[in-house]
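J.: These protein sequences, in sequence, are chains X and L.
Numbering-wise (the UniProt record's numbering), the first sequence opens with residue 1 and increments by one.
Numbering-wise (the UniProt record's numbering), the second sequence opens with residue 1 and increments by one.
Here a beta-carbon is modelled for each residue, glycine too, at the ideal position from N, C-alpha and C.
Below are the structure tokens for one structure; questions will follow.
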Amino acid sequence: MLAGIGFIAPLLAYLVIFYAYPLYENVSMSLHRFTRATYVTGEAPYAGGDIYREVISSAQFWPTVLQTATFVVVSLVFQYSIGLGLAVFFQRHFPLSVVMRGLFLVPWLLPIIVSATTWQWMMDADSGIINRLIGVVGSDPVWWLNSDNSLWAVIIANIWLGIPFNLVILYSGLQGVPVELYEAAAIDGAGRGRQFWHITLPLLKPVTAVTLLLGFVYTLKVVDIIWIMTTGTGSSQTLATWAYSMAFGKGASAVIKYSEASVIGSILLLVALVMGFVHLFVQRRQEAV
Amino acid sequence: MSRLRSAPGKTLLGLFFTALMLFPVYWMVNVSFTDRAAIRDGMLYPHSFTFDHYRVVIADQLPHLRTSLVVGLGTVVLTLLVAAPAGYALSKLFVPGRRVISFLLIVAQMIPAVVMALGFYSVYSGLGVLNTVPGLILADSTIAVPFGVMLFSAFMRGIPREILEAAHMDGASYWRAFVSIVLPISRNSAVTVGLFAFLWAWSDFLFASTLNRDGGDLRPITMGLYDYIGSQNQEWGKLMATAVLASIPTAILLLLAQRFVSAGLTTGAVKD
């Protein structure tokens, strides 16, 4: 027992100092009116739920929630479907399949700022390669990064970023599906399509649940890809980038608003906690089966 | 018969998908080698080939690359020091409240970095460790520690109890058993955790841009790249050359350690 405590102690100290304390600071800032002057004078009057009410009733709040929801849902749907399609494609080995699967990891391993910069240049309205390709087909150039289209621009880049994660997890999930099931189905005359709907998808359900759950959490957190491409301006502002811009006085918020940023932060924290419980629930159910 | 015929077809189709997926990466490399005057032509290969961007960029970014290396290695050391003993405790020793700790580790991975950054900013400005390398290392380690603990404990659970019991019969202490039996067996897990800790610290933009934004040369390469993005006349050749430099660890990881990468990615997501 003592040994157990001894070995876990560094982690517990770490969690308290580097998680609990900063998070406590975050919540505390959302309940006190922090301004830039606070760091000089040390004064931050207690505001209770006032700042929460102000933020939620501000004109930006609900549109930002809607944009965040769009960003998350559309990203997830495409990341998952494309990832699953590729996982099925790679399910049976063929020449070079292992090498190609390795190469598919690249977007996931690159620093996000690198990918974001590249997408920003590819989506450049005048000389970007994407508009050039569109022009070949005869369409008008799209102003990808202006305020109306920026949400779709960052969604496209984010889908690209998320495909490797989905591919790897779903691929390893597929390895758990017994080959005999497919063989039996083939003998019974089931084609590729029916095998997919009646064997692959149902057996993949537990993996799908976890993939979508983690995907949801990761997508909600995203700041850098959006920030680099559009600084969270226009329709591409999500809750996370809004908090970032208010906390550090950049992009959409020219003024530093610590308390307002912490309010959004605390809301995101609450979502993370709820998702933690959902994760627990999903795991328990899978263990019970 | 049909399988023989379809295999080359699948390879061709696979090559097409891979090319499509990697096109942005190719484009980055292409632009980084294209002469400034020709970049806006959008040629599919660097027809006005030049090393000029790299010449400028390497001189500019060397201090940032050095900082990133220090931050990355520091994060690896700190992460391993905290995560390996905790993994051992959670998998092999009696720890009160073990389920709660495991739950907290999962939630910790779900907390948005922007929330952590806000809290850290407030704490750091009080302590006066804003814009320092150790401050950044501590913040970056929070990305990897929960993951590291989970990966270590998942692996160490598989170490046969008998080996450890035999060691204890021979009079080895828990510390002794940990250092001379558990750690050597867990070498691959340590490599995986270390690789990811390094990669995440190297790639971090959020903590660097908030906790270390006035650190001058003590800012990592991601901030070096961000400086170029922020400047008014965007020099895409230089930008892309810096982006390529910042991608070096990714390339090394893929070439040397691909199996560790896949092992790490599926941790916690797929049960075995």
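(1) Using three-state DSSP, classify residue 47 (chain L) as helix, strand or coil.
(2) Only counting the same chain, and skipping five residues up and downstream in sequence, which positions put a Cβ closer than 8 Å to that of residue 30 (chain X)?
(3) What does residue 107 (chain L) reach in chain X if we use C-beta pairs closer than 7 Å?
(4) Quick check on residue 32 (chain X): does DSSP put it in helix, strand or coil?
(5) Under a Cβ-count criterion, where at least 16 other Cβ atoms within 10 Å of its own Cβ denotes burial, should residue 200 (chain L) be classed as buried or exposed?
(6) Am I right that residue 235 (chain L) and residue 228 (chain L) are in contact with their C-beta atoms under 8 Å? What's the rounded C-beta distance?
(7) Tell me whether residue 268 (chain L) is buried or exposed, calling it buried when 16 or more other Cβ atoms sit within 10 Å of its Cβ.
(8) Which residues does DSSP list as the beta-bridge partners of residue 34 (chain L)?
(9) Here's a check: name, in chain order, each residue in its chain whose Cβ is nearer than 7 Å to the Cβ of residue 38 (chain X), leaving out the five neighbours to either side.
(10) Identify the contact partners of residue 104 (chain X) in chain C, using a Cβ-Cβ distance below 9 Å as the criterion.
(11) Have a look at X:204, X:107 and X:214 and flag the residue whose alpha-carbon is nearest the alpha-carbon of residue 174 (chain X).
(12) I want to see whether chain X comes within less than 8 Å of residue 203 (chain L), judged by CB atoms only; does it?
(13) Can you tell me the Cα-Cα spacing of residue 147 (chain X) and residue 118 (chain X), whole angstroms?
(14) Could you give the first and the last residue of the continuous alpha helix (DSSP H) run that contains residue 88 (chain X)?
(15) Going by C-alpha to C-alpha distance, which of X:66, X:98, X:179 and X:141 sits closest to residue 239 (chain X)?
(16) If you draw a straight line from the alpha carbon of residue 115 (chain L) to that of residue 22 (chain X), how long is it in whole angstroms?
(17) Check whether the Cβ atoms of residue 75 (chain X) and residue 162 (chain X) lie closer than 8 Å to each other.
(18) Does the beta carbon of residue 7 (chain X) come closer than 8 Å to any beta carbon on chain L?
(19) Could you name the residues of the same chain whose beta carbon sits closer than 7 Å to that of residue 300 (chain L), not counting the 5 residues immediately before and after it, in chain order?
(20) By Cβ distance below 6 Å, which residues in the same chain neighbour residue 253 (chain X) in space, the five residues on each side in sequence not counted?
(21) Once you ignore the five residues that flank residue 155 (chain X) on each side, which residues in its own chain have a CB closer than 7 Å to its CB?
(22) Do the CB positions of residue 83 (chain X) and residue 166 (chain X) come within less than 8 Å of each other?
(23) Return the residue from the list L:136, L:11, L:119 and L:74 that minimises the CA-CA distance to residue 214 (chain L).
(24) Anyone know if the C-beta pair for residue 204 (chain L) and residue 67 (chain L) falls short of 8 Å?
(25) Going residue by residue through the stretch 96-183 of chain X, where are the continuous alpha helix (DSSP H) segments of at least 4 residues, counting only ones entirely within it?
(26) Between residue 211 (chain L) and residue 139 (chain L), is the Cβ-Cβ spacing less than 8 Å?
(27) Hey, does residue 72 (chain X) have any beta-carbon neighbour from chain L nearer than 8 Å?
(28) Note down, in chain order, all residues in the stretch 244-268 of chain X with a beta-carbon under 7 Å from any beta-carbon belonging to chain L.
(29) My assumption, with CB atoms under 8 Å, is that residue 251 (chain L) sits in contact with residue 222 (chain L). Please give the rounded CB distance.
(30) Alpha carbon to alpha carbon, how far is residue 10 (chain L) from residue 45 (chain L)?
(31) Using the Cβ count rule (16 or more neighbours within 10 Å means buried), how would you classify residue 225 (chain X)?
(32) With which residues is residue 46 (chain X) paired in a DSSP beta bridge?
(33) Using the rule of at least 16 other Cβ atoms within 10 Å of the residue's Cβ for burial, across every protein chain shown, is residue 270 (chain X) buried or exposed?
(34) Cβ closer than 9 Å: which chain L residues qualify as neighbours of residue 146 (chain X)?
(35) Run through chain X and tell me which residues come within less than 7 Å of residue 40 (chain L), C-beta to C-beta.
(36) Relative to the alpha-carbon of residue 11 (chain X), which residue among L:101, L:75, L:176 and L:156 has its alpha-carbon at the smallest distance?
T.: Considering the structure as presented:
(1) As a position in the second sequence, residue 47 (chain L) is number 47, starting the count at 1. Residue 47 (chain L) sits in coil when the DSSP states are folded into three classes, being neither helix nor strand.
(2) As a position in the first sequence, residue 30 (chain X) is number 30, starting the count at 1. Closer than 8 Å at the Cβ level, and outside the excluded window around residue 30 (chain X), lie 51, 52, 259, 262, 263, 265 and 266.
(3) For this step, residue 107 (chain L) is matched to residue 107 along the second sequence. Neighbours of residue 107 (chain L) on chain X, chain order: 272, 273 and 276.
(4) Within the first sequence, the letter at position 32 stands for residue 32 (chain X). Three-state result, residue 32 (chain X): strand.
(5) For the purposes of this step, residue 200 (chain L) is taken as the residue at position 200 of the second sequence. Looking at its Cβ environment, which holds 16 or more other Cβ atoms inside 10 Å, residue 200 (chain L) is buried.
(6) Residue numbering aside, residue 235 (chain L) sits at position 235 when the second sequence is read from its first letter. Residue numbering aside, residue 228 (chain L) sits at position 228 when the second sequence is read from its first letter. The beta carbons of residue 235 (chain L) and residue 228 (chain L) sit about 7 Å from each other, so the pair counts as a contact at 8 Å.
(7) As a working note, residue 268 (chain L) is residue 268 in the second sequence. Caution applies to residue 268 (chain L), whose pLDDT of 48 falls short of 50 and renders its modelled position unreliable; the value that the coordinates give is listed next. It counts as buried.
(8) As a working mapping, residue 34 (chain L) is identified with position 34 in the second sequence. For residue 34 (chain L), which the question treats as bridged, DSSP gives the partners L:49.
(9) As a first step, residue 38 (chain X) must be located in the first sequence, where it is residue number 38. Excluding sequence neighbours, residue 38 (chain X) sits near 44.
(10) Protein chains X and L are contained in the structure displayed, whereas chain C is not.
(11) For this step, residue 174 (chain X) is matched to residue 174 along the first sequence. Checking every option, the nearest Cα to that of residue 174 (chain X) belongs to X:204.
(12) The count along the second sequence starts at 1 and reaches residue 203 (chain L) at position 203. Yes, residue 203 (chain L) counts as interfacial toward chain X.
(13) Your numbering for residue 147 (chain X) matches position 147 in the first sequence. Your numbering for residue 118 (chain X) matches position 118 in the first sequence. Rounded to the nearest angstrom, the two C-alpha atoms are 19 Å apart.
(14) Position 88 of the first sequence, counting from 1, holds the residue named residue 88 (chain X). First-last of the alpha helix (DSSP H) with residue 88 (chain X): 61-90.
(15) Position 239 of the first sequence, counting from 1, holds the residue named residue 239 (chain X). Closest option to residue 239 (chain X), Cα to Cα, is X:66.
(16) Counting from 1 along the second sequence, the entry for residue 115 (chain L) is found at position 115. Counting from 1 along the first sequence, the entry for residue 22 (chain X) is found at position 22. One C-alpha to the other measures close to 9 Å.
(17) In the first sequence, counting from the first residue as 1, residue 75 (chain X) sits at position 75. In the first sequence, counting from the first residue as 1, residue 162 (chain X) sits at position 162. For residue 75 (chain X) and residue 162 (chain X), yes; Cβs fall inside 8 Å.
(18) Along the first sequence, read from residue 1 onward, the residue named residue 7 (chain X) stands at position 7. The beta carbon of residue 7 (chain X) sits closer than 8 Å to some beta carbon of chain L.
(19) The structure shown does not extend to residue 300 (chain L), since chain L is modelled only from 1 to 272, so the question has no answer here.
(20) Counting from 1 along the first sequence, the entry for residue 253 (chain X) is found at position 253. So the qualifying residues of the chain are 245 and 246.
(21) Numbered from its first residue, the first sequence carries residue 155 (chain X) at position 155. Within the same chain, residue 155 (chain X) has close Cβ partners 71, 74 and 75.
(22) Working through the first sequence from its first residue, we reach residue 83 (chain X) at position 83. Working through the first sequence from its first residue, we reach residue 166 (chain X) at position 166. Yes; because the gap between Cβ atoms is below 8 Å, this pair is in contact.
(23) On the second sequence, position 214 is the one that residue 214 (chain L) refers to. Residue 214 (chain L) has its Cα closest to that of L:136, out of L:136, L:11, L:119 and L:74.
(24) In the second sequence, counting from the first residue as 1, residue 204 (chain L) sits at position 204. In the second sequence, counting from the first residue as 1, residue 67 (chain L) sits at position 67. Contact: no.
(25) Complete alpha helix (DSSP H) runs here, min 4: 97-103, 106-109, 112-122, 129-137 and 150-174.
(26) For this step, residue 211 (chain L) is matched to residue 211 along the second sequence. For this step, residue 139 (chain L) is matched to residue 139 along the second sequence. With respect to residue 139 (chain L), residue 211 (chain L) sits close: the two C-beta atoms are nearer than 8 Å.
(27) As a position in the first sequence, residue 72 (chain X) is number 72, starting the count at 1. Using a CB distance cut-off of 8 Å, residue 72 (chain X) does not count as an interface residue toward chain L.
(28) For chain L, the residues of the stretch 244-268 of chain X that bring a beta carbon within less than 7 Å of one of its beta carbons are 244, 247, 248, 261, 262, 265 and 268, in chain order.
(29) Walking along the second sequence from the start, residue 251 (chain L) turns up at place 251. Walking along the second sequence from the start, residue 222 (chain L) turns up at place 222. So it is not a contact: roughly 17 Å between Cβ atoms.
(30) Locating residue 10 (chain L) in the second sequence gives position 10, counting from the first residue. Locating residue 45 (chain L) in the second sequence gives position 45, counting from the first residue. Each residue's Cα considered, the two are about 27 Å apart.
(31) Position 225 of the first sequence, counted from the first residue, corresponds to residue 225 (chain X). In the assembly as shown, residue 225 (chain X) is a buried residue. Its beta-carbon has 16 or more other beta-carbons within 10 Å.
(32) In the first sequence, counting from the first residue as 1, residue 46 (chain X) sits at position 46. Looking at the DSSP assignment, residue 46 (chain X) forms a beta bridge with X:32.
(33) Here residue 270 (chain X) is taken as the residue at index 270 of the first sequence, counted from 1. Per the 10 Å Cβ criterion, exposed.
(34) Position 146 of the first sequence, counting from 1, holds the residue named residue 146 (chain X). In chain order: nothing, as chain L lies at least about 16 Å away.
(35) For the purposes of this step, residue 40 (chain L) is taken as residue 40 along the second sequence, with counting starting at 1. Counting only Cβ-Cβ distances below 7 Å, residue 40 (chain L) has contacts in chain X at 127, in chain order.
(36) Residue 11 (chain X) sits at position 11 when you count from the first residue of the first sequence. Among L:101, L:75, L:176 and L:156, the Cα nearest to that of residue 11 (chain X) belongs to L:101.
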